[in-house]
Amino acid sequence: MPELPEVETVMRGLSAVLTGQTIARAETRRAGLRWPFPEMLAERLSGRRVEGFRRRGKYMLMRLSGGESALIHLGMSGRMVARPPGEGPVPRIAPQGAFSDARGGGDGLAHEHLMLETGHGWRVGFQDPRRFGCVDLMPTEGEDRHKLLAGMGPEPLEEGFTPATLSRSLAGKNTPIKAALLDQGVVAGLGNIYVAEALFRAGISPRRLAGTVPGARAARLVPAIKSVLTEAIEAGGSSLRDYVRSDGEIGRFQERFEVYDRLGQPCPRCPGPPACPGVQRIVQAGRSSFFCPRTQR
DNA sequence: AACCTCACCTGGGCGC
DNA sequence: TGCGCCCAGGTGAGGT
Numbered sequence: 007m008p009e010l011p012e013v014e015t016v017m018r019g020l021s022a023v024l025t026g027q028t029i030a031r032a033e034t035r036r037a038g039l040r041w042p043f044p045e046m047l048a049e050r051l052s053g054r055r056v057e058g059f060r061r062r063g064k065y066m067l068m069r070l071s072g073g074e075s076a077l078i079h080l081g082m083s084g085r086m087v088a089r090p091p092g093e094g095p096v097p098r099i100a101p102q103g104a105f106s107d108a109r110g111g112g113d114g115l116a117h118e119h120l121m122l123e124t125g126h127g128w129r130v131g132f133q134d135p136r137r138f139g140c141v142d143l144m145p146t147e148g149e150d151r152h153k154l155l156a157g158m159g160p161e162p163l164e165e166g167f168t169p170a171t172l173s174r175s176l177a178g179k180n181t182p183i184k185a186a187l188l189d190q191g192v193v194a195g196l197g198n199i200y201v202a203e204a205l206f207r208a209g210i211s212p213r214r215l216a217g218t219v220p221g222a223r224a225a226r227l228v229p230a231i232k233s234v235l236t237e238a239i240e241a242g243g244s245s246l247r248d249y250v251r252s253d254g255e256i257g258r259f260q261e262r263f264e265v266y267d268r269l270g271q272p273c274p275r276c277p278g279p280p281a282c283p284g285v286q287r288i289v290q291a292g293r294s295s296f297f298c299p300r301t302q303r
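Our numbering applies: residue 7 is where the first sequence begins, and numbers increase by one.
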């Protein structure tokens, strides 16, 4: 699930459950995910108070007492599941639907690799079937110098992300704009879905060379990125495949996709065939790009 | 440097 | 029903 809006949503839910609480106990169920967990991770989390959360791109930072922060990335399939005290039958869903229960009521614990239990008995599980996620621990001081964060571009929803700054980082690039926007060093937090949606809103083809975007096109692209991310966060993010639930407990932005995963469907801005063949799909850098060939140039 | 491809994993959906 | 294949929200590493 995890691009910026999903990570933001998960983080808000986590914060509601954990901020101000003490981690009474932690458990790791395997040695690591994408990389090995830090030495003695469970022991080092235990007894700490959770001071708060921050997001940087698709990473969550959980500030702990004692001057350390946990860095968490959800990878492709990571999720956080909160269970109330008393081993309740179905996990209760936190505010904003930041948590999913374990797939259709199944146990889902097979892929729960890290579990935190608060002093009040809430349990928060990090589940990640594909194990592309990661967890690290580092000093809170100088968080942004962490190897995984150091090269990140601007936060797209902050003031500092402007047509001028985007233009500067795209200038001279010979790669397709699609690939450039997926580069976390250009702008932090975009992934395959929101790049597609933002390029559609801006009327820019994913094939266009990044170096030709600075100027008027960047002036359209920046507000397109900001609006699509803002609306997605308001909707609680997007939920796909196994994440989909119909009861509104989790993100609903997927219902508002205009091009992503809509191959062949009419583009919302076009009159339909024969003027426009509908949403097309191409593969760029090994990943699907969805776009409208008529309105995106 | 800049750019591209691969690799890391599991699970769901589809066609046969 | 079962099997094989393709696809999936990410991204660092290693090669050209």
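Just so it is clear, CB atoms sit at the ideal spot from N, CA and C, and this is done for glycine as well.
{"Asked": "Measure the C-alpha to C-alpha separation of proline 101 and threonine 218 and round it to an integer number of angstroms.", "Found": "Bear in mind that the predicted position of proline 101 carries a pLDDT of just 29, short of 50, making it unreliable; the figure below should be weighed with that in mind. C-alpha separation (whole angstroms): 42 Å."}
{"Asked": "Does the beta-carbon distance from methionine 121 to phenylalanine 132 come in below 9 Å?", "Found": "yes"}
{"Asked": "Where does methionine 82 fall in DSSP's three states?", "Found": "coil"}
{"Asked": "Relative to the C-alpha of arginine 213, which candidate in Val234, Arg55, Ile288 has its C-alpha closest?", "Found": "Ile288"}
{"Asked": "Where alanine 204 and alanine 224 are concerned, what is the direct C-alpha to C-alpha distance, given to the nearest angstrom?", "Found": "11 Å"}
{"Asked": "Starting from the C-beta of proline 44, find all residues in its chain whose C-beta is less than 8 Å away, skip the five residues before and the five after it, and write them out in chain order.", "Found": "Arg50, Val141, Asp142, Leu143"}
{"Asked": "Just checking my contact of valine 285 with arginine 268 at CB under 8 Å: how many whole Å lie between their CB atoms?", "Found": "5 Å"}
{"Asked": "Measuring straight from C-alpha to C-alpha, what distance separates methionine 46 and threonine 301?", "Found": "54 Å"}
{"Asked": "Expressed to the nearest angstrom, what Euclidean distance is found between the alpha-carbon atoms of alanine 185 and arginine 258?", "Found": "26 Å"}
{"Asked": "Could you tell me which whole beta strand (DSSP E) segments of length 3 or greater appear in the stretch 17-75?", "Found": "29-34, 56-62, 65-70"}
{"Asked": "Using CA coordinates, which residue listed in Pro229, Ile210, Gly72, Met66 is at the minimum distance from leucine 10?", "Found": "Met66"}
{"Asked": "Would you kindly work out how many angstroms separate the C-alpha atoms of methionine 158 and glycine 72, rounded to a whole number?", "Found": "26 Å"}
{"Asked": "Is the beta carbon of tyrosine 200 less than 9 Å from the beta carbon of isoleucine 231?", "Found": "yes"}
{"Asked": "Measuring only the C-alpha atoms, how far is proline 277 from phenylalanine 206?", "Found": "16 Å"}
{"Asked": "Identify the continuous alpha helix (DSSP H) that holds glutamate 164 and give its terminal residues.", "Found": "First-last for glutamate 164: undefined, no H or E at that position."}
{"Asked": "Would you call the CB atoms of arginine 89 and valine 130 closer than 9 Å?", "Found": "yes"}
{"Asked": "Return yes when the Cβ of arginine 69 is within less than 9 Å of the Cβ of arginine 60, no when it is not.", "Found": "yes"}
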